[in-house]
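Working notes for the structure below.
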Amino acid sequence: MSILVIRDPFGEVYLLSEAGRRPEWEHRLQPLQGHLAAWVLRRCEIDEHLLLRFLQELEPGGLRPVARHGSSTIDEVADRLDEGDGGRLTLWYVLQHRPMLDGFEVEEEVPLLTDLAEPVEEADTWFEVELVDEAGEPISGVELRFTVTGATETATTDGSGKARIDTKGGSFGSVSFVSPDAVRKEVEPRWEVLREPKAVADRVLSRLGIRALAGAISIESKVTHLVVVEPPLGKIFMELRDRSGQVLLRDQAYRIEGPQTLEGRTDDDGRLLHEGVPAGDYQLTVTVEIRTREDAEPIVDEYSSPVVVLDPGDATPQLRCLAAVPRVRLARLRGLLFDTNKCFLLPTALPAMRSARKIWRSLNPVELLVAGHTDTTGEPAINDPLSEERAKSVKAFLEDDVDAWLAQYDAAGSSRWGGREDRLMLTHVPGFAAREPGEDPVRWFQRTRGLSVDGKAGPKTRRALVTEYMELDGPPLADEEGFHLSITTLGCGERHPLADDAETLDEAPTDEADDQHDRRAELLFFDTDFGVLPPVAAPDGPEYLDWRARAEVVQDELVGGMGNEVEILELHDALFRLDSAVVLPEGERPDDDEHEALTSVGLFASLLRYNEEHPGRRILVAGHTDTSGGEAHNQALSEERARCAVALLRGDREAFVELAEARHKVGDYKQILSWCSAAFGDRDPGEGGFDCAPAKVDDVAATGVTPVRRFQAQYNDNREAIGAAGQPELAVDGDVGPMTWGALFDVMQFGIAEELGEDAAGVEALRGKLQFLRDGDEAIGFGEHHPIDQPHRDALRSQTNRRIEILLFDATAEVDLDLAKEHPDISELYLPGVYRRRPIPTMVSAKPWRARWDRGDEPAKHLRARAMTLEAPGLPEGTTMSFEVSATVDHHEPATVATLELGAEEGRCVQEFVGWAAAVVEPDPERVLRDPLPGVSFRFVVEGGGRRVESRALAYGDELDLSFVHAETEEPFVAAEWTVLTSWGYLEGVTGEDGRVHVVGLPPGGARATLAEADAVSKTDG
-8 MSILVIRDPF GEVYLLSEAG RRPEWEHRLQ PLQGHLAAWV LRRCEIDEHL LLRFLQELEP
52 GGLRPVARHG SSTIDEVADR LDEGDGGRLT LWYVLQHRPM LDGFEVEEEV PLLTDLAEPV
112 EEADTWFEVE LVDEAGEPIS GVELRFTVTG ATETATTDGS GKARIDTKGG SFGSVSFVSP
172 DAVRKEVEPR WEVLREPKAV ADRVLSRLGI RALAGAISIE SKVTHLVVVE PPLGKIFMEL
232 RDRSGQVLLR DQAYRIEGPQ TLEGRTDDDG RLLHEGVPAG DYQLTVTVEI RTREDAEPIV
292 DEYSSPVVVL DPGDATPQLR CLAAVPRVRL ARLRGLLFDT NKCFLLPTAL PAMRSARKIW
352 RSLNPVELLV AGHTDTTGEP AINDPLSEER AKSVKAFLED DVDAWLAQYD AAGSSRWGGR
412 EDRLMLTHVP GFAAREPGED PVRWFQRTRG LSVDGKAGPK TRRALVTEYM ELDGPPLADE
472 EGFHLSITTL GCGERHPLAD DAETLDEAPT DEADDQHDRR AELLFFDTDF GVLPPVAAPD
532 GPEYLDWRAR AEVVQDELVG GMGNEVEILE LHDALFRLDS AVVLPEGERP DDDEHEALTS
592 VGLFASLLRY NEEHPGRRIL VAGHTDTSGG EAHNQALSEE RARCAVALLR GDREAFVELA
652 EARHKVGDYK QILSWCSAAF GDRDPGEGGF DCAPAKVDDV AATGVTPVRR FQAQYNDNRE
712 AIGAAGQPEL AVDGDVGPMT WGALFDVMQF GIAEELGEDA AGVEALRGKL QFLRDGDEAI
772 GFGEHHPIDQ PHRDALRSQT NRRIEILLFD ATAEVDLDLA KEHPDISELY LPGVYRRRPI
832 PTMVSAKPWR ARWDRGDEPA KHLRARAMTL EAPGLPEGTT MSFEVSATVD HHEPATVATL
892 ELGAEEGRCV QEFVGWAAAV VEPDPERVLR DPLPGVSFRF VVEGGGRRVE SRALAYGDEL
952 DLSFVHAETE EPFVAAEWTV LTSWGYLEGV TGEDGRVHVV GLPPGGARAT LAEADAVSKT
1012 DG
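Going by the working numbering, the residue at position 76 of the sequence shown is 67; the numbering climbs one at a time, nothing skipped.
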């Protein structure tokens, strides 16, 4: 420990040492403090250079700055001791043993130096404070507490506001108020009137807010320190909204009057801020100016409110809800709320209507405007009144106006309501699901509601039915006390279609666009203070655009099940003859340019292949007719067509023969004979070749006898070639009976197998993967109820409407097949808006494709490319194919690591892949011990040409094989500990006798081996 020995002029010895540690000395030591230590130090004989070196050793960072100009190091240390600080120093007095003189006697005990009274020094400096208010007026009679060199003294301000003390030594001190309340009592009456602050220049001063009088102020000696006590300054911070609190008053002029006058405009958040504001009473006046559109005269009004001055640190503005602002709130119901060309509000819209009703109740009182819209199909002469009728229908529903809906049963033309609307309502009123199977819905309703049971939907039954249906969104709002019920309607027609985002308006709409998002109803809510503003002028006026520009969207709902999806494969356009159940292999006029060249044989083959490549689908076959026959006749015919399609799809020869025998036309078998010749005419007899086309495809039986005989003979020759060797020979008699229908079926099945490129066993394997929605109900007929061509036109012969739809649902879909069978006209499968239909893509080929890794039985390795190959018979050259590569780690869900596109060669497509390291999603930063490391495998899926083919998994397994040897001797490290680092963690082990490290099955990302020994180097085998 460093010690500096010091002597005074009288020979007394003192020690200067580090504070807090007592020096080891042969004599007793007495510590000296404060004034006494400083007084002693100043009188000692000290070498200043020696003292400075001692201090530098003790305080390597250097001394603190010297307080006085021209002071020495000794003065510096003395001041520190005098202030009671001492820093890291203590001065010790050494109590020495002195010899006694002969004959000298001590009469009394000599006091120690430390027992002496501290010396009284004469004053040589002064401290002074001048206390004034913000206007420069003195504050007298205030008691101040001065603190200098650890000592305190009080003084009171005089008439000029000054207070002074005289003292010995000390360059700096502090002053504080003995009683802050006394200061407040003196100055607060002065601030009842706002006064002009007095400017102060070239003065040493401190400014104190009235709330900050409790602390101390640093002062310097021989300087008059000016202390200014200021009135409390705060801030005015406000956020302005309309009376509802929903609309910010942005960019509005305001004026604040009080002790000060402030003015300006609110910002984009409706806020205003003024800082440094003196306390007092203030009043805000805001001028609200609203324009409903740019060229309209503004609506101007003034609103007032008292203002509170906030503390400067307050971060939350005062909220004032002042003005009545003409707001617009928009609830948009997108999708098909209505049947085609009708205004009946479908059951699929009911959930959205319930949501809209809740919003209406939460905003009430408001004025409601219902705007109806159509898409751009059809003519404006139809769309304009239709949109108005739909808006009025929504209005009636919301108002529970039963009479308005009952009037629709007497409407003219196709807009008239009838049995379909009755059944749609019946299936959704309470209790319908619990009725006895087979009970007529109308009779059930009448029975359970206490009505006369006659099975007829008369006026009383319909009134009760409509009343219940309208209450499905809740009790009538008119019955709620104080509810403001006011609705206006507007039919916008096709004037405002939506853009592709289904939210903004389409600035360049196209005509004849069939878009379900455009067929919508919009509910616009206006404040009752202003009403519908601007008011409705005309359907084609600019008002709608003004409302929409100002509107806040409070609901934007997809109606019904528009998010549901069903895949569809359609057999249509002349694949059925009028009043026939036979599914034809090609159209009536296969060379007609008006129709796409389709064959049912190719479609059935495509479906079987698609189902294989997209497992998990469940199938329903739906049959349809046109409206040329009676309803009952068409219902039966549609069922037979659907069952015939199922027979061809499943290979059910017996069912096909039964259906074809029961309902066919001569033209049906002539068409099949023509197709046989076109499809297989290039083959030799006995090898599947047919040449039996009639001269003309018509319904004249006589001209079909010879072609039938040729077919019967050629079938007998080709039975083995077409896979029908087990069937009996046909009598060559020109008559088409059950056996000949069976032979025609065999040829069509042969065509399906040829399209698939499969033998009989392969086709059966594909059929074994078919899953239907419900066994026993594979096919359902929907009669004439859901036409595509010219809906609501009766007695229409339409090839388009005579069709089969094969619907594919995902595994979780729930479809009410019982309702579809009992009431096909109201099945949810064809209700607008319930399902979004996605056509199955057209396949370039239904033949078997194979995706494989090159050397698929060998693990993939780091930085070594591996070819992905698609063998694809029938794939045209140049077809764009997409390869999606995924990685699976330890049997978790696969993750996509790469997507690549390229053009195909004819019949094949090859793409190399080397991105194995992409499977490392997030390398482990801590490299934890992980043994074993995870297993990783790769697959790829190829899509294109209407096909989707998946490869088998390719295992990944890197290998690390090396030996560690001494750098100088190249002797192997035996039994040395090694670590193999990977992106997935690390492995540990010991080397073998040859220093070898051999690890297999490493995951992607590379690996590095290390050895603890410093002079080890590695050598890689091979």
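Even glycine gets a Cβ: it sits at the ideal position worked out from N, Cα and C.
- Beta-bridge partners assigned by DSSP to A469: none are found.
- When C-alpha distances from L650 are compared across S836, E380, D570, the shortest belongs to D570.
- For the pair K176 and A126, the CB atoms are not nearer than the 9 Å cut-off.
- Rounded to whole angstroms, the gap between the alpha carbons of D260 and D470 is 40 Å.
- Comparing alpha carbon positions, the residue from A633, A512, L598, G409 closest to G614 is A633.
- Annotation: the continuous beta strand (DSSP E) that includes S928 extends over 927 to 935.
- Taking a C-beta distance under 9 Å as the contact criterion, A715 and F741 qualify as a contact pair.
- Here the alpha carbon of A395 sits roughly 8 Å from the alpha carbon of S384.
- Between A69 and A29 the beta-carbon gap is near 4 Å, inside 8 Å, which marks them as a contact.
- Shown here, Q902 sits in a strand according to DSSP, grouped into three states.
- The distance from the Cβ of V612 to that of A804 is about 15 Å, inconsistent with a contact at the 8 Å cut-off.
- Distance from the CA of F671 to the CA of G621, rounded to the nearest whole angstrom, comes to 39 Å.
- The beta carbon of L240 sits closer than 8 Å to those of L231, R232, D233, T257, G261, V277, V279, L313, A314, V316, all from its chain and outside the five residues before and after it, given in chain order.
- Relative to G717, the option among G733, L757, T140, T501 whose CA is nearest is G733.
- Sequence-distant Cβ neighbours of S877 in its own chain, meaning closer than 8 Å and more than five residues away, are P885, A886, T887, V888, F929, R930, F931, V932.
- A distance of 9 Å or more separates the beta carbons of I156 and F168.
- DSSP lists G935 as the beta-bridge partner residues of R938.
- In the three-state DSSP reduction, G25 falls in the helix class (H, G or I).
- Using a Cβ distance threshold of 9 Å, V120 and V238 do not count as a contacting pair.
- In the DSSP annotation of this structure, C312 is not part of any alpha helix (DSSP H); the continuous beta strand (DSSP E) holding it starts and ends at 309 to 314.
- By the neighbour-count definition (other C-beta atoms within 10 Å, threshold 16), D392 is a buried residue.
- Every alpha helix (DSSP H) of 4 residues or more that sits fully in the stretch 624 to 689 is shown, in chain order, as 644 to 653, 657 to 671.
- Shown here, S353 sits in a helix according to DSSP, grouped into three states.
- According to DSSP, S167 shares a beta bridge with R136.
- Look at D292 here: in three-state DSSP terms it is strand.
- Cα atoms of G658 and P867: separation of roughly 35 Å, rounded to the nearest angstrom.
- Taken through DSSP and simplified to helix, strand or coil, N374 comes out as helix.
- The Cβ neighbour count for L854, taken over all protein chains shown within 10 Å, is under 16; the residue is labelled exposed.
- In the structure shown, I156 adopts extended strand secondary structure according to DSSP, grouped into three states.
- Secondary structure within the stretch 383 to 429: the alpha helix (DSSP H) runs of 4 or more consecutive residues, fully enclosed, are 393 to 397, 410 to 417 (chain order).
- By the Cβ criterion, the stretch 370 to 386 is not in contact with the stretch 490 to 497, since fewer than three pairs of Cβ atoms, one from each stretch, lie closer than 8 Å.
- By the criterion of at least three beta-carbon pairs nearer than 8 Å, the stretch 937 to 954 is in contact with the stretch 831 to 843.
- Ranked by how close their Cα comes to the Cα of A751, the residues A712, L80, I797, G725 have A712 in first place.
- Taking all protein chains in view, the Cβ of H605 is surrounded by fewer than 16 other Cβ atoms within 10 Å, so the residue is classified as exposed.
- DSSP, read as helix, strand or coil, puts I610 in strand.
- F436 places its beta carbon less than 9 Å from that of T452.
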